[in-house]
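Enquirer:
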Amino acid sequence: MADLPTHTIVFEILTRLPAKDVGRSKSVCKQWYALLSTQDFVKIHCSRSVVSSNQRVLLIDDLTCSVRPIISNNNDYGPSSTVTFPFHHQNNDVSILSHLNGLLCVCLNHTYELLLWNPTTTAFKRLSTPDSHGFYINNLDAIGLYVDADDDYKVLHIKRRSGVLGVYVYSREVDSWRNIPFITRQEYLSPHFNWSAGTFCGGTLYFTVCECWIGCTNVVICFDVNSEQFKEISFPPVPSNGMVQGVLVNVKNVLHMFASTGMFEMTIDLWTLQGDYWIKVLSCPPIPPISLSLWCDITHYVTNGNWFVMTKLGKLFTIEMDMKPFECFYPVSWFRGFKGAVFVQTIVSPSI
Numbered sequence: 003m004a005d006l007p008t009h010t011i012v013f014e015i016l017t018r019l020p021a022k023d024v025g026r027s028k029s030v031c032k033q034w035y036a037l038l039s040t041q042d043f044v045k046i047h048c049s050r051s052v053v054s055s056n057q058r059v060l061l062i063d064d065l066t067c068s069v070r071p072i073i074s075n076n077n078d079y080g081p082s083s084t085v086t087f088p089f090h091h092q093n094n095d096v097s098i099l100s101h102l103n104g105l106l107c108v109c110l111n112h113t114y115e116l117l118l119w120n121p122t123t124t125a126f127k128r129l130s131t132p133d134s135h136g137f138y139i140n141n142l143d144a145i146g147l148y149v150d151a152d153d154d155y156k157v158l159h160i161k162r163r164s165g166v167l168g169v170y171v172y173s174r175e176v177d178s179w180r181n182i183p184f185i186t187r188q189e190y191l192s193p194h195f196n197w198s199a200g201t202f203c204g205g206t207l208y209f210t211v212c213e214c215w216i217g218c219t220n221v222v223i224c225f226d227v228n229s230e231q232f233k234e235i236s237f238p239p240v241p242s243n244g245m246v247q248g249v250l251v252n253v254k255n256v257l258h259m260f261a262s263t264g265m266f267e268m269t270i271d272l273w274t275l276q277g278d279y280w281i282k283v284l285s286c287p288p289i290p291p292i293s294l295s296l297w298c299d300i301t302h303y304v305t306n307g308n309w310f311v312m313t314k315l316g317k318l319f320t321i322e323m324d325m326k327p328f329e330c331f332y333p334v335s336w337f338r339g340f341k342g343a344v345f346v347q348t349i350v351s352p353s354i
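Start counting at 1 in the sequence shown, then tack on 2, and there's your number in my numbering.
Shown next as structure tokens:
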């Protein structure tokens with residue numbers, strides 16, 4: 003270690019600091035400010051920050067926003083700290099659509115504008131343009147946030163407007179939108195199909211596409227972020243005699259799906275994608291009967307192997323599993339009645 007240059011030692015130490023401490027360190031001197039602002043530093047710091055112990059839960063309740071650490075040994079949240087939105091918003095206005103490496107892609111519901119926001123650094127970037135790009139409509143559009151081989155953060159926006167389809171990619175590097183072709187079955191663009199948000203894993207964005215009827219079509223659409231080509235793969239072979247929902251999860255860069263099926267009694271299986279085929283990992287005991295008005299979403303699963311399933315109205319079910327823990331959490335839209343997301347604290351900027 004004594005033979006290493008001082009610059010290298012400082013670099014190695016600073017890339018291991020918490021994100022907020024990196025922000026404070028920029029004020030030490032001009033040299034540190036320049037070092038901590040380089041893309042190389044941000045990339046390495048981010049790679050060392052994406053660990054379960056650095057995850058936080060962001061909760062939004064009307065006009066307030068708070069961030070809490072996750073206490074894995076008792077499946078609860080730690081003390082909260084208040085976060086002030088750096089952008090103008092209205093009551094119950096901010097919806098979180100996607101996240102990656104500390105960046106959140108959010109929508110302002112009163113204006114339909116898309117934004118990239120880092121809640122740790124408070125930096126944000128509006129993605130809307132005068133030519134109508136960057137505006138999101140719930141239940142019609144789909145969003146996926148990803149980073150390509152050139153380390154450019156991008157947003158894929160699938161827009162459905164009265165039978166007219168548009169697929170657009172926003173690049174942080176060039177700060178602009180462009181249109182790309184959608185080459186797969188056009189019927190998936192019908193409002194009868196519900197598109198999930200994109201889940202980024204291994205250079206591909208994955209979307210579940212489910213027809214809004216019992217026993218109908220369910221598929222997974224894949225978008226290769228470097229070739230910008232779409233393809234379709236099958237859904238896991240789950241029973242189709244009830245409502246079907248697939249929740250995609252990136253676990254250590256391997257795609258998994260929680261596939262839930264049923265009507266009044268719901269079952270959930272965990273599948274993993276190998277090539278273009280799904281392999282069942284395990285099944286959980288049936289969740290106690292619940293009414294359709296309380297239909298469940300997977301919220302997060304924790305390091306002790308438990309799964310948490312939450313109803314739309316906030317009732318929480320705990321499913322104890324005898325399995326090897328994954329040491330990660332799944333980010334969702336609702337936590338105990340609050341809107342929010344699980345994210346990691348990084349210094350990744352929403353703009354260049």
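Glycine included, C-beta positions come from ideal geometry on N, C-alpha and C. In this text, all values refer to a predicted model and were calculated from it rather than measured experimentally.
Which whole-angstrom value describes the C-beta separation of N56 and V251, a residue pair presumed to lie in contact below a C-beta threshold of 8 Å?
Expert: As a working note, residue 56 is residue 54 in the sequence shown. As a working note, residue 251 is residue 249 in the sequence shown. N56 to V251, Cβ: 18 Å. No contact.
Enquirer: Exposed or buried, what is V350 when buried is set at 16 or more other beta-carbons lying within 10 Å of its beta-carbon?
Expert: Your numbering for residue 350 matches position 348 in the sequence shown. Its Cβ being crowded by 16 or more others within 10 Å, V350 is buried.
Enquirer: Less than 8 Å between C-beta atoms, sequence neighbours within five positions excluded: which residues of the same chain meet that for G200?
Expert: Locating residue 200 in the sequence shown gives position 198, where the first residue counts as 1. Hits under 8 Å: S100, A144, I145, G146, L147, Y148, L158, L207, Y208, F209, F225.
Enquirer: Within 10 Å of its beta-carbon, does P183 have 16 or more other beta-carbons around it, so buried, or fewer, so exposed?
Expert: On the sequence shown, residue 183 is found 181 positions in, with the first residue counted as 1. Classification for P183: exposed.
Enquirer: Output the distance between the C-alpha atoms of E230 and L129, rounded to the nearest integer angstrom.
Expert: In the sequence shown, counting from the first residue as 1, residue 230 sits at position 228. In the sequence shown, counting from the first residue as 1, residue 129 sits at position 127. Cα-Cα distance, rounded: 20 Å.
Enquirer: Please name the residue, chosen from K282, D23, L19, D42, that lies closest to D153 on a Cα-to-Cα basis.
Expert: On the sequence shown, residue 153 is found 151 positions in, with the first residue counted as 1. Nearest C-alpha to D153: D42.
Enquirer: Report, in whole angstroms, the separation of the C-beta atoms of A36 and T348, which I expect to be a contact under 8 Å.
Expert: Counting from one through the sequence shown, the residue named residue 36 turns up at place 34. Counting from one through the sequence shown, the residue named residue 348 turns up at place 346. The Cβ separation is near 19 Å, so there is no contact.
Enquirer: Counting beta carbon pairs with one atom in the segment 232-239 and one in the segment 118-134, are three or more of them shorter than 8 Å?
Expert: Result no; under three Cβ-Cβ pairs closer than 8 Å.
Enquirer: According to DSSP, simplified to helix, strand and coil, what is C218?
Expert: For the purposes of this step, residue 218 is identified with residue 216 of the sequence shown, where counting begins at 1. Three-state DSSP puts C218 in coil, outside helix and strand.
Enquirer: How would you write the range of the beta strand (DSSP E) that S236 sits in, first residue to last?
Expert: Locating residue 236 in the sequence shown gives position 234, counting from the first residue. Run containing S236: 231-236, per the beta strand (DSSP E) assignment.
Enquirer: Could you tell me the distance, in whole angstroms, from the CA atom of R162 to the CA atom of S97?
Expert: Taking the sequence shown and counting its residues from 1, the one referred to as residue 162 is at position 160. Taking the sequence shown and counting its residues from 1, the one referred to as residue 97 is at position 95. The straight-line gap from Cα to Cα measures roughly 19 Å.
Enquirer: Comparing C-alpha positions only, which one of D271, T84, Y138 sits nearest to L110?
Expert: As a first step, residue 110 is located in the sequence shown; it is residue number 108 there, counting from the start. When only C-alpha atoms are compared, the closest one is Y138.
Enquirer: Closest to Y279 by C-alpha separation, out of G264, L191, H258, T263, would be which residue?
Expert: As a first step, residue 279 is located in the sequence shown; it is residue number 277 there, counting from the start. Closest option to Y279, Cα to Cα, is H258.
Enquirer: Report the three-state DSSP secondary structure of V149 (helix, strand or coil).
Expert: Looking up residue 149 in the sequence shown gives position 147. Of the three classes helix, strand and coil, the one that applies to V149 here is strand, per DSSP.
Enquirer: Considering only C-alpha positions, which residue in the set E175, L38, L167, E115 is nearest to E189?
Expert: Working through the sequence shown from its first residue, we reach residue 189 at position 187. That would be L167, whose Cα lies nearest to the Cα of E189.
Enquirer: Going along the chain, which residues of its own chain have a beta-carbon closer than 6 Å to the beta-carbon of T84, five neighbours each way excluded?
Expert: Residue numbering aside, residue 84 sits at position 82 when the sequence shown is read from its first letter. If we look at T84 and ignore the five residues flanking it on each side, its Cβ neighbours are S68.
Enquirer: For the alpha helix (DSSP H) holding S49, just list the boundary residues, first then last.
Expert: Counting from 1 along the sequence shown, the entry for residue 49 is found at position 47. Here the alpha helix (DSSP H) through S49 covers 41-51.
Enquirer: DSSP beta-bridge partners for R26?
Expert: Looking up residue 26 in the sequence shown gives position 24. Per DSSP, none; premise fails for R26.
Enquirer: DSSP on T10, reduced to helix/strand/coil?
Expert: Reading the sequence shown from its first residue, position 8 is the one you call residue 10. Correct three-state label for T10: helix.
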